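> Residue numbers (this note's numbering), protein chains in the order written: chain A, 1 to 544; chain B, 1 to 185.
Below is the structure I would like to discuss, written out as structure tokens.
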């Protein structure tokens with residue numbers, strides 16, 4: 001019985017979360033301009049939420065929604081102007097509702113306290129135009145519910161069109177038939193030619209591939225879902241910092257695997273906070289510098305050859321080259337007279353613990369740091385790059401695969417082991433010339449007149465067995481340049497189903513997952529960027 | 001699932017590591033498979049043998065002997081992988097444990113289990129739930145969750161802010177044998 005109730009509650013929560021997200025969006029658009037229909041839409045959402053909450057045993061949420069309705073009725077009848085304070089209060093009410101809904105009735109945890117919020121909502125709804133709540137309790141009330149929300153584990157659900165599921169079901173049936181046929185044929189294998197058997201297998205295989213594609217497509221959702229919270233985040237940030245920022249979103253419709261949407265939210269949040277806190281200057285400074293006093297933050301997504309690119313661009317001050325250099329020297333990452341190219345210098349900000357004390361503020365000093373952004377992006381087999389111009393702004397670019405579960409892989413053999421590289425990072429393969437065949441973990445090879453540093457996987461992974469007569473080098477995109485991986489044999493490309501290695505291997509670097517080969521053995525999928533970064537940095541010659 | 005049956009017997013599966021017989025509660029054991037084709041994972045801790053294919057899913061394989069402080073196990077004809085369900089850093093996890101040979105299935109009542117002595121056992125008493133009486137000899141009843149988590153914490157001693165899932169202290173402290181009786185009832 002209890003589980004039934006849990007399921008229903010989970011469904012309610014998922015729906016309520018969506019309602020609240022929509023509500024938040026509507027509220028923010030109401031703040032910008034009172035477009036017709038928006039207030040009605042808000043009222044509808046609240047009303048639905050009120051009814052459902054009561055039904056599902058969330059009386060406190062229902063009460064808040066009820067008071068909120070009163071307030072909204074006054075806004076709709078224009079007897080209450082939508083001031084900034086009113087809006088802040090409304091948004092806090094949304095937060096409060098989130099907190100209440102994430103709380104499970106009858107569970108040990110305390111119900112988030114919303115009495116203060118309630119009081120202020122009532123006050124605003126009843127009093128004339130006095131929405132001037134004292135600022136002190138405002139922040140206190142705002143924080144409590146937010147905290148409660150973060151405790152609840154998010155429901156991992158996805159809405160899929162019924163037509164897609166129907167098609168999957170059809171395919172499953174067709175596969176069952178093809179499989180049955182294959183079994184019959186194999187049982188009498190001696191009566192059939194290998195070609196016939198192979199033909200029957202291919203038929204089943206084609207259906208299977210269709211199903212695979214369908215399942216993967218069903219997991220695709222618009223990246224805009226990851227952008228959803230930012231209008232609100234930005235509003236709060238602006239209020240907290242006294243800065244003025246305009247948010248421009250584009251490419252929200254580009255579809256990616258739902259896991260990617262889930263996992264890039266945190267890094268995106270960090271980049272956005274960072275951009276507002278460190279990048280965009282206060283209005284007065286901007287005016288002095290001859291810029292529009294309102295900063296612009298662009299969140300942009302677009303698909304690019306099997307990847308999705310997500311950019312966070314601000315038109316702020318840009319990265320402070322001098323300060324980064326100073327900090328790098330202080331940390332001993334850079335010699336006192338050593339100079340680095342910009343691109344390399346800016347990579348330092350991704351080193352754990354790099355951010356300087358003065359840069360740590362209320363906003364970006366907590367939560368996840370730049371190093372975590374980078375490692376998260378890399379764990380998704382993506383890449384992160386920075387472009388910055390002093391005084392003109394900074395752009396962080398994340399390049400991520402569209403799908404996580406299946407990749408085009410390129411297999412190489414080293415000793416008895418097989419490793420898979422993501423094909424997207426492979427540029428070309430060359431034979432290691434005999435005169436370059438010096439033993440050792442790393443080396444440099446002359447590739448059409450350019451030096452190419454390479455890493456010998458056999459040595460790096462300490463693979464046993466006799467070295468081959470001839471080695472090959474896979475040339476790989478590495479940051480902006482190239483690097484090589486010396487391997488024994490090239491085994492070619494193919495679709496690879498990625499299996500995560502699990503929490504036992506958390507600290508392993510250079511490996512992003514595993515795949516089961518046709519032979520039944522497990523092969524490791526290499527995280528090329530991490531591998532090369534770790535292996536070649538101390539050995540790499542100065543950037544060309 | 002324990003029913004109100006008077007004094008239920010608990011089943012254990014025993015196996016050999018470095019010449020000694022250990023046992024796990026059979027409810028923790030999923031299956032026993034042959035040792036074959038384990039792929040080494042570079043830069044993983046050395047007591048992690050690698051990963052293998054268990055009917056299409058990727059199973060980590062742990063050299064339990066090495067984890068307990070013995071030299072690396074040598075794989076021979078009777079070696080096999082005991083697939084167990086463990087709690088690793090607070091997370092349920094299925095993993096394979098490389099053992100030298102599988103022993104027997106034991107049925108022990110609470111009267112057959114003695115608390116581990118303070119010293120004299122080949123591994124630290126903290127890694128043991130108790131000693132199981134089987135005929136004339138004692139079989140070491142292993143607390144595998146503690147084993148797997150303990151050394152992990154020792155290895156990363158700089159970041160021991162997270163205690164192991166169970167509250168008792170890490171095995172470094174010389175304990176009295178009494179406290180180890182807790183997980184079995």
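For every residue, glycine included, the Cβ atom is placed at its ideal position computed from N, Cα and C.
On a predicted model such as this, the values are computed, not experimentally measured, just so you know.
Apart from the five residues on each side of it in sequence, which residues of its chain come closer than 8 angstroms, Cβ to Cβ, to residue 67 of chain B?
Result list for residue 67 of chain B: 47, 147, 148, 151, in chain order.
> Are the stretch 235-253 of chain A and the stretch 415-426 of chain A in contact at 8 angstroms, needing three or more beta carbon pairs?
Contact between the stretch 235-253 of chain A and the stretch 415-426 of chain A is absent, because fewer than three Cβ pairs lie under 8 angstroms.
> Mapping the DSSP letters down to three states, classify residue 55 of chain A as helix, strand or coil.
Helix at residue 55 of chain A.
> Considering only their Cβ atoms, is the gap separating residue 404 of chain A from residue 528 of chain A smaller than 8 angstroms?
Their beta carbons are not under 8 angstroms apart, which means residue 528 of chain A does not touch residue 404 of chain A by this criterion.
> Within 8 angstroms of any Cβ in chain A, is that where the Cβ of residue 96 of chain B sits?
Output row for residue 96 of chain B: interface = no.
> My assumption, with CB atoms under 8 angstroms, is that residue 271 of chain A sits in contact with residue 373 of chain A. Please give the rounded CB distance.
That belief holds up - the Cβ atoms of residue 271 of chain A and residue 373 of chain A are roughly 6 angstroms apart, short of 8 angstroms.
> In its own chain, which residues sit with a C-beta less than 8 angstroms from the C-beta of residue 441 of chain A, not counting the 5 before and 5 after it?
Counting only Cβ-Cβ distances below 8 angstroms, and skipping sequence neighbours, we find 455, 456, 459, 460, 535.
> Can you pull the chain A neighbours of residue 39 of chain B, defined as C-beta to C-beta under 8 angstroms?
Near residue 39 of chain B (Cβ distances below 8 angstroms), the residues of chain A are 417, 514, 521, 522, 523, 524.
> What residues from chain B crowd round residue 499 of chain A, counting only those whose CB sits closer than 8 angstroms?
By Cβ distance, chain B contributes 57, 58.
> Under 8 angstroms between the Cβ atoms of residue 487 of chain A and residue 412 of chain A?
Yes; because the gap between Cβ atoms is below 8 angstroms, this pair is in contact.
> With 9 angstroms as the C-beta to C-beta threshold (strictly closer), list the residues of the stretch 55-85 of chain B near chain A in chain order.
The stretch 55-85 of chain B vs chain A, Cβ under 9 angstroms: 56, 57, 58, 59, 60, 62.
> Contact between the stretch 84-100 of chain B and the stretch 51-71 of chain B is defined here as three or more beta-carbon pairs at a separation below 8 angstroms; is this criterion met?
The stretch 84-100 of chain B is in contact with the stretch 51-71 of chain B.
> To the nearest angstrom, how far is the alpha carbon of residue 312 of chain A from that of residue 250 of chain A?
The straight-line gap from Cα to Cα measures roughly 11 angstroms.
> Are the C-beta atoms of residue 193 of chain A and some chain B residue less than 8 angstroms apart?
It does not; no Cβ of chain B falls within 8 angstroms.
> In whole angstroms, what separates the C-alpha of residue 468 of chain A from that of residue 439 of chain A?
Rounded to the nearest angstrom, the two C-alpha atoms are 12 angstroms apart.
> So that I know if they touch, is there some Cβ in chain A lying closer than 8 angstroms to that of residue 189 of chain B?
Since the first residue shown for chain B is 1 and the last is 185, residue 189 of chain B is missing from the structure and cannot be characterised.
> Where does residue 312 of chain A sit, in a helix, a strand or coil, going by DSSP?
DSSP places residue 312 of chain A in strand when its eight states are reduced to three.
> Between the Cα of residue 16 of chain B and the Cα atoms of B/65, B/26, B/144, B/136, which residue gives the shortest distance?
Of B/65, B/26, B/144, B/136, the residue nearest in Cα terms is B/65.
> Quickly, what does DSSP pair residue 92 of chain B with across the bridge? List them, please.
For residue 92 of chain B, which the question treats as bridged, DSSP gives the partners B/87.
> Strictly below 7 angstroms CB to CB, what residues from chain A border residue 144 of chain B?
Within chain A, no residue comes near residue 144 of chain B; the closest Cβ sits about 13 angstroms away, beyond 7 angstroms.
> Return the first residue and the last residue of the beta strand (DSSP E) that residue 324 of chain A is part of.
It is not in any beta strand (DSSP E) - residue 324 of chain A instead sits in the alpha helix (DSSP H) that spans 321-330.
> Taking only the alpha-carbon atoms, compute the straight-line gap between residue 334 of chain A and residue 59 of chain A and give it to the nearest angstrom.
Whole-angstrom Cα-Cα distance: 60 angstroms.
> Just to make sure I have the definition right: I need the residues of chain B whose C-beta is within less than 7 angstroms of the C-beta of residue 461 of chain A. Which are they?
Ordered by position in chain B, the residues that pass the 7 angstroms Cβ test against residue 461 of chain A are 42.
> Would you check if the distance between the CB atom of residue 43 of chain B and the CB atom of residue 509 of chain A is smaller than 8 angstroms?
Yes.
> From A/233, A/175, A/258, pick the residue whose C-alpha is nearest to that of residue 277 of chain A; which is it?
Selected option, being the one with the closest Cα: A/233.
> Could you tell me which of A/33, A/489, A/102, A/84 sits nearest to residue 56 of chain A, measuring between CA atoms?
With distances taken between Cα atoms, residue 56 of chain A lies closest to A/102.
> Work out the CA separation of residue 341 of chain A and residue 545 of chain A for me, nearest whole Å.
Summary: the structure shown does not reach residue 545 of chain A, with chain A confined to residues 1 through 544, and so no result is reported for it.
> Output yes if chain B places a C-beta closer than 8 angstroms to the C-beta of residue 502 of chain A; else output no.
By this cut-off, residue 502 of chain A is an interface position.
> Which chain A residues are close to residue 87 of chain B, counting only those with a beta carbon under 8 angstroms from its beta carbon?
By Cβ distance, chain A contributes nothing, its closest Cβ being about 11 angstroms from residue 87 of chain B, past 8 angstroms.
> Would the stretch 282-297 of chain A count as touching the stretch 324-334 of chain A if we require 3 or more Cβ pairs under 8 angstroms?
No, the stretch 282-297 of chain A is not in contact with the stretch 324-334 of chain A.
> On the three-state DSSP scale, how would you describe residue 403 of chain A?
DSSP places residue 403 of chain A in coil when its eight states are reduced to three.
> Identify whether residue 288 of chain A lies in helix, strand or coil by the three-state DSSP scheme.
Helix at residue 288 of chain A.
> So what does residue 80 of chain B bridge to, in DSSP terms?
Looking at the DSSP assignment, residue 80 of chain B forms a beta bridge with B/34, B/99.
> If we ignore side chains and look at the alpha-carbon of each, how far apart do residue 541 of chain A and residue 122 of chain B end up?
Residue placement at residue 541 of chain A cannot be trusted, given a pLDDT of 42 that sits under 50; what the coordinates show is reported in the next sentence. Each residue's alpha carbon lies about 52 angstroms from the other.
> Compare the C-beta of residue 51 of chain B with all C-beta atoms of chain A and state if any pair is closer than 8 angstroms.
Yes, residue 51 of chain B lies at the interface with chain A (some Cβ there is under 8 angstroms from its Cβ).
> What's the gap between the Cα of residue 116 of chain B and the Cα of residue 501 of chain A?
Computed Cα separation, rounded: 35 angstroms.
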